[in-house]
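Here is the structure we will look at, set down as structure tokens.
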Ligand SMILES: CCCCC/C=C\C/C=C\CCCCCCCC(=O)SCCNC(=O)CCNC(=O)[C@H](O)C(C)(C)COP(=O)(O)OP(=O)(O)OC[C@H]1O[C@@H](n2cnc3c(N)ncnc32)[C@H](O)[C@@H]1OP(=O)(O)O
Ligand SMILES: NC(=O)C1=CN([C@@H]2O[C@H](COP(=O)(O)OP(=O)(O)OC[C@H]3O[C@@H](n4cnc5c(N)ncnc54)[C@H](OP(=O)(O)O)[C@@H]3O)[C@@H](O)[C@H]2O)C=CC1
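Residue numbers (UniProt numbering): 1 to 533.
Below you can see the structure in the form of structure tokens.
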């Protein structure tokens, strides 16, 4: 008998960020594993011209709910959307809705956040830190609240190399910052952001660190737990292997590499790629919710939800597995053959950016212009470079996260719960997982059908032929330049017995202008690597 699923049956749950990548997996698993949950309130904002109701209707059509749709066809009746905006006072929840939440909710899962690394500081603070504070205020008034689970990130304290399951001193006093951004002009905030961030690499990790500290400061008597996942990847098993619907983290990089656009990445082959499947994070989150509510630990527990210390995996291995999968199962309409390499050398990376990103993009855009179409590849490449700049902080270093609480929690689960809410990452087989992740990105992120693989392979063969033709033409042009300038090259050329080769020259021609042309060879500085690799 599962204690965790039994616990959620009959309970009323509130989830923020339910429309996001992890939120959807949480809602799905909760409804599937505890079909008798009383109600699941989700805080949703209207967005992109869609009302809250339209957004929820669209969300429920998502493939991630296929399994629960089959198991419990009426699952949607349990979902109760509430109009909310976390950056607004009182979360912009109506008095009537607030009353309903205050009298009914038993457990809160707080997933909503901006995860963008380039989010302006003011907005990141308003959502990630102030939003969390406002939700806590609401939670303090909830009459039947048993547990509050906050999703943070393992990188909230990335300025440290060894990260324990404790709350560290914040980068700044949150309330002083709130005051500052309240009255300072937006442009001034932008100007001083690097100074404020100090050692933190971006506004995301900075504001996540602040929100952890705020929770510790203002938790009062609430039963709180903090979950810190590392890089969240596609699902391992549930609701089905490889499910992913977000380009964040490594997913966008995989797609760009699979499409043959991304050919060079700044990363340390030997550094740990601390990735964790989304279903593992959600299983741990639900188990931690149960443990926090039922066992009520005296101190607030922080769960580092990471793999590096338990089942380490390295960026170099990731490169191999990703490339091998996309070579065997290519993405449709690839720009070039997938062939990405990692390097930790900045100059080498710059060299390949020029040769293998920019040069092909310029040529392709020229071709688009000549055929009367809109050039677009250089724009894509520039965006990719901006993303890679922001991500390289994470791909060039390793961190040590302790995972004692994750192990402790596993020990608290009964045999059935260990299976139903599996977060034992020792069982994770990385090559199989990465293959299923890449195929999931193909199917669920790009909506490509597996039946299109033969055509995609045919397309890659066409690209290979174009590459051969291009390289041969380039070689001939380079050779012609040599021939025109070097007597020695001409001599070699004339003695190569090629069909249709040049006529045998006279002795006079052979020795003509030798000294002048050999001087010119040295000044040519040809770059053989311009031949597309
Ligand atoms: C080949 C082997 C590969 C080996 C891998 C090696 C290295 C990987 C390197 C690092 C990975 C480290 C990741 C660390 C994660 C830290 C853990 C956390 O705590 S998680 C939170 C993680 N947050 C993120 O990952 C957010 C990062 N993203 C951003 O900050 C921004 O997206 C951005 C990078 C600044 C780019 O912003 P930009 O405005 O340019 O673009 P948008 O994000 O708005 O996207 C616009 C649009 O395009 C879609 N999109 C994005 N990427 C792709 C893609 N690759 N292909 C196709 N389409 C893509 C995106 O969904 C948007 O679409 P829409 O407008 O419809 O929403
Ligand atoms: N993805 C990852 O690799 C990792 C994520 N995390 C953490 O996990 C949590 C979930 O991340 P993930 O699912 O990937 O993120 P997503 O960007 O996919 O989802 C973010 C969610 O927050 C909601 N949200 C954003 N702004 C507001 C707002 N102003 N008011 C109300 N809701 C808002 C979004 O709603 P809307 O649909 O309206 O935009 C969405 O539901 C975050 O706290 C993140 O920090 C931690 C480590 C790694």
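Glycine is no exception: its CB is placed at the ideal position from the N, C-alpha and C atoms.
Bounding residues of the alpha helix (DSSP H) (the contiguous stretch that carries residue 178): 174-183
In the DSSP output, what is residue 342 paired with across the bridge? 265
Pairwise C-alpha distance: residue 90 and residue 184: 23 Å
Which term fits residue 103, buried or exposed, when burial requires 16 or more other beta carbons within 10 angstroms of its beta carbon? exposed
Contact test: residue 387 Cβ vs ligand 1 heavy atom, cutoff 7 Å: yes
Three Cβ pairs or more, each shorter than 8 Å: is that satisfied between the region 132-139 and the region 186-195? no
Once you ignore the five residues that flank residue 209 on each side, which residues in its own chain have a CB closer than 8 Å to its CB? 156, 157, 168, 170, 171, 200
How about residue 7: is its Cβ closer than 7 Å to a heavy atom in ligand 1? no
Going by the beta-carbon positions, is the gap between residue 229 and residue 276 smaller than 8 Å? yes
Measuring only the C-alpha atoms, how far is residue 320 from residue 273? 13 Å
For the candidate residues 19, 187, 431, whose alpha-carbon lies nearest to that of residue 60? 19
Given this structure, state the Cα-to-Cα distance separating residue 88 from residue 285, to the nearest angstrom. 27 Å
If I measure Cβ to Cβ from residue 364 and keep anything under 6 Å in the same chain, skipping five residues before and after, which residues do I get? 377
Extract the residue ranges of the beta strand (DSSP E) inside the region 217-271, only unbroken runs of 3 or more that lie entirely within it. 224-229, 231-233, 264-266
Beta-ladder partner(s) of residue 109, from DSSP: 15, 149
Shorter than 7 Å, the distance from the beta carbon of residue 86 to the closest heavy atom of ligand 2, or not? yes
Going by CA-CA distance only, name the one from 244, 428, 16 that's closest to residue 127. 16
With residue 437 as the anchor, note down where its alpha helix (DSSP H) starts and where it stops. 430-440
Nearest to residue 108 (by Cα), restricted to the options 400, 150, 322, 299: 150
Same chain only: Cβ atoms within 8 Å of residue 269, ignoring 5 sequence neighbours per side: 314, 315, 316, 319, 342, 344
Exposed unless 16 or more other CB atoms sit within 10 angstroms - verdict on residue 446: exposed
Which partner residues does residue 302 have in the DSSP bridge list? 226
Going along the chain, which residues of its own chain have a beta-carbon closer than 7 Å to the beta-carbon of residue 403, five neighbours each way excluded? 304, 306, 309, 310
Would the beta-carbon of residue 12 be found less than 7 Å away from any heavy atom of ligand 1? no
Between which two residues does the beta strand (DSSP E) holding residue 41 run? 39-44
Count Cβ pairs between the region 377-397 and the region 255-268 that sit closer than 8 Å; are there 3 or more? yes
Relative to the alpha-carbon of residue 39, which residue among 495, 10, 25 has its alpha-carbon at the smallest distance? 10
For residue 289, collect the residues of the same chain with a Cβ closer than 6 Å to its Cβ; drop the 5 residues on either side in sequence, then sort them by chain order. 107, 147, 149
Give the straight-line distance between the Cα atoms of residue 407 and residue 6, rounded to the nearest whole angstrom. 22 Å
Given the structure, does residue 342 come close to ligand 1, in the sense that its CB is under 7 Å from one of the ligand's heavy atoms? yes
Using the DSSP secondary-structure output, state which residues sit across from residue 80 in a beta bridge. 41
Closest by C-alpha distance to residue 395, when choosing among 415, 231, 434, 381: 231
For residue 50, which residues of its own chain have a beta-carbon under 8 Å away from its beta-carbon, when the five flanking residues on both sides are left out? 58
Of all the options 357, 295, 367, which has the alpha carbon lying nearest to the alpha carbon of residue 3? 295
In angstroms, rounded to a whole number, what distance separates the CA positions of residue 435 and residue 322? 7 Å
What residue range is occupied by the uninterrupted alpha helix (DSSP H) comprising residue 277? From DSSP, residue 277 is part of no alpha helix (DSSP H) but of the beta strand (DSSP E) over 275-277.
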